[in-house]
Amino acid sequence: MDGNTFPKGFLWGAATSSHQVEGDNDANDWADWETAGRAKERSGMACDHWRRFREDFDLARSLGHNAHRFSIEWSRIEPQEGQFNEAALLHYCEVVDALRERNLEPVVTLHHFTLPRWVAREGGWISSRFVQYFLRYADRVAEYLSDKVRYWVTVNEPMVALYQGYIQGIWPPGEKSFGKALEMFRNVVRVHTELYHMLHNRRRNCWVGMAKHVRAFFPYRSFWPFDHLSAGLRQFFFSDLMTHILTTGVAFFPGLENSFLRRAKGTTDFIGVNYYTREFVKFALTFPFGGEKEKSFSGETGERNSLGWEIYPEGLYRALVDLRKFSLPIIILENGLCTLEDPRRIVFIQSHLGAVARAMKAGADIRGYFYWSLVDNFEWLDGFEPRFGLVEMDYKTQARRPRPSAEYYAGICRTGKIT
Ligand code: IFM
């Protein structure tokens, strides 16, 4: 890493996920969640990416990207138990071919929050047959794609799905049970480990990782005297403190996340990092993150995105530097801003890539960066309102219009230099 210039071969791109962009995905658990009125609106045709993927990849190419991350929709591949849809499998082959024709390296996610309806009905992640089901689906996908795809992401942000789905109960399956959350955690580890071996058996030189929602943790002001320390001292104390919290198990979920990475060490080629904001942590017998209320009490919060998440590039730096301890390559699989004011997106990209560059200088082995997202899309419970895209969507006409921030990011992708 020389100054702010990224190395040759660095992956530059943007990410999407099937349910958020494809449209007409009506055989999964999220479709049912939407039908039950549990999200702000229904995903409907979304960005009609299922039919317009070539147009979207033309845009990505014209915007200087050399890679693209997307996900496979299991409910399209296997809409009923054991019934595989050949047309859907061939569709994803066409998607990958379309990327390759445009010199975009495909990064393929096998699970990005949605489950086929029949899997959900059988108990979803905690079904005793879940691992078997997932591996059978993934094996069929790999049969079609493994000679075309080098980079695989097994599961996207499992801890987010676990927390929202099994603790808070605000995502499918709407459970509130620590026991079930733990069961899901165990199955995430099993699925990832098995997939690693299966994908490597099919293609020796592939890279398999998981997209981890990475948080930078800060002490909740009113509980800690550390606020008055200099940044360096705070970092020193807080990382020690964090270790203590993790080992005492008070911060149960972050503990699990780190324990996942430790367990997965022999079965992970890279760590996928999804970073958006920081979290405040306090001792509590319940879930230890401060929510929005604590954040606003902390008096430390800076600018926020349109969903109210604080914009904190330093947190990305801290998280990346902290991940050096796993001695694995890192790919930033998601990082982005939802806003209606596009100039803020430019500042966001610039400051976060600055953090990435600094982390690389400090020894973090970072191989790529994917902005979330290529186009505006369906943001789960929040529907279409949050605008994360480099490309603006007009959902009525399905017209796409690259924003000035897309051009700004294109400059970085083309030159490997932050301007
Ligand atoms: O849209 C989501 C994505 O599906 C997973 N990571 C966070 C994004 C923004 O919330």
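Those letters in the sequence shown? Residues 65 to 483, by this note's numbering. Using N, Cα and C, we set each Cβ at its ideal position, and we do this for glycine too. Quick caveat, the model's predicted, so the values are computed rather than measured.
May I have the straight-line CA-CA distance separating residue i from residue j, to the nearest angstrom?
i, j, result
"W271", "K389", "19 angstroms"
"F448", "S82", "15 angstroms"
"F35", "T332", "What is shown of the chain runs 65 to 483, which leaves residue 35 out entirely."
"S139", "E247", "22 angstroms"
"I410", "S469", "5 angstroms"
"E471", "L75", "17 angstroms"
"R102", "F177", "15 angstroms"
"G77", "R133", "7 angstroms"
"S370", "T403", "5 angstroms"
"N149", "A474", "37 angstroms"
"E207", "Y260", "14 angstroms"
"R279", "L397", "14 angstroms"
"F446", "V159", "Note that residue 446 is Asp in the sequence shown, not Phe. Answer to the nearest angstrom: the Cα atoms are 27 angstroms apart."
"R382", "K481", "21 angstroms"
"N89", "A95", "7 angstroms"
"W97", "R326", "34 angstroms"
"N68", "P237", "44 angstroms"
"I394", "L199", "25 angstroms"
"R342", "P377", "9 angstroms"
"G146", "I335", "32 angstroms"
"G187", "T257", "21 angstroms"
"R193", "A184", "12 angstroms"
"Q84", "V455", "14 angstroms"
"T80", "R116", "13 angstroms"
"W189", "T483", "44 angstroms"
"V171", "A131", "7 angstroms"
"L417", "R166", "24 angstroms"
"L387", "R431", "14 angstroms"
"R478", "H129", "8 angstroms"
"D406", "M274", "30 angstroms"
"Y339", "P450", "17 angstroms"
"W373", "A100", "27 angstroms"
"H155", "G73", "28 angstroms"
"L127", "A421", "21 angstroms"
Within a Cβ cutoff of 6 angstroms, which residues of the same chain sit near residue i, ignoring the five residues on either side of it in sequence?
i, result
"T350", "Low confidence applies to T350: its pLDDT is 48, below 50, so where it sits in the model is not reliable, and the reading given next is rough at best. Taken in chain order, the list of residues that qualify is empty."
"L485", "Outside the displayed span of the chain (65 to 483) sits residue 485, for which this structure offers no information."
"R118", "A162"
"H175", "V219"
"V224", "H277"
"C157", "Y208"
"T173", "S135, V217, N220"
"L380", "Y339, H416, A419"
"T312", "Residue placement at T312 is poorly supported in this model, since its pLDDT is 38, which falls under 50; the coordinates still yield a value, given next. Once the five neighbours on either side are set aside, T312 has no close Cβ partner at all."
"L305", "Confidence in L305 is poor, its pLDDT being 47 and thus under 50, which makes the residue's placement unreliable; the coordinate value appears in the next sentence. Answer for L305: no residue qualifies."
Excluding the 5 residues preceding and the 5 following residue i in the sequence, name in chain order all residues of the same chain whose CB lies nearer than 8 angstroms to its CB.
i, result
"R254", "V195"
"R204", "I141, E142, F148, L153"
"M262", "L199, A202, D203, A206"
"S191", "V183, Y197"
"Q232", "K240"
"R164", "P170, K212"
"E367", "E374, I375, R408"
Looking only at DSSP bridge pairs, what is residue i linked to?
i, result
"R464", "M457"
"G273", "V217, F334"
"V278", "Y339"
"K481", "T69"
"E368", "Here the sequence assigns Arg to residue 368, which means Glu is not the residue at that position. Note: R368 sits in a beta bridge opposite E374."
Enumerate in chain order the residues of its own chain whose CB-to-CB distance from residue i is below 7 angstroms, with the five nearest sequence positions on each side excluded.
i, result
"L226", "A245, M248, F249"
"G400", "Y435, W436, S437, F452"
"P143", "A91, N149, P180"
"E86", "A110, H113, W114, E137"
"T307", "Confidence is the limiting factor: at T307 the pLDDT is only 40, short of 50, which leaves the residue's position unreliable, though a coordinate-based value still follows. So no residue of the chain qualifies."
"I234", "Q228, L445"
"S485", "Look at the range of the chain in this structure, 65 to 483, and you will see that residue 485 is not part of it."
"F412", "I375, L401"
"S415", "P377"
"Y459", "F448"
Query raised in the report: Of all the alpha helix (DSSP H) runs that stay within the bounds of the segment 390-439, which reach a length of 4 or more residues?
Result: 406-425
**Report entry** Complete alpha helix (DSSP H) runs within the segment 67-145 (minimum length 4 residues, chain order)
**Finding:** 82-85, 93-99, 113-126, 138-141
Query raised in the report: Given 8 angstroms as the limit, is there contact between the segment 427-446 and the segment 102-113, that is, 3 or more CB pairs closer than that?
Result: yes
Query raised in the report: At a cut of 8 angstroms, does the segment 118-125 reach the segment 462-471 through at least three beta carbon pairs?
Result: yes
Query raised in the report: Of all the alpha helix (DSSP H) runs that stay within the bounds of the segment 141-219, which reach a length of 4 or more residues?
Result: 150-165, 181-185, 194-209
Query raised in the report: Looking at C-beta atoms only, is the number of pairs between the segment 260-274 and the segment 207-216 that lie closer than 8 angstroms three or more?
Result: yes
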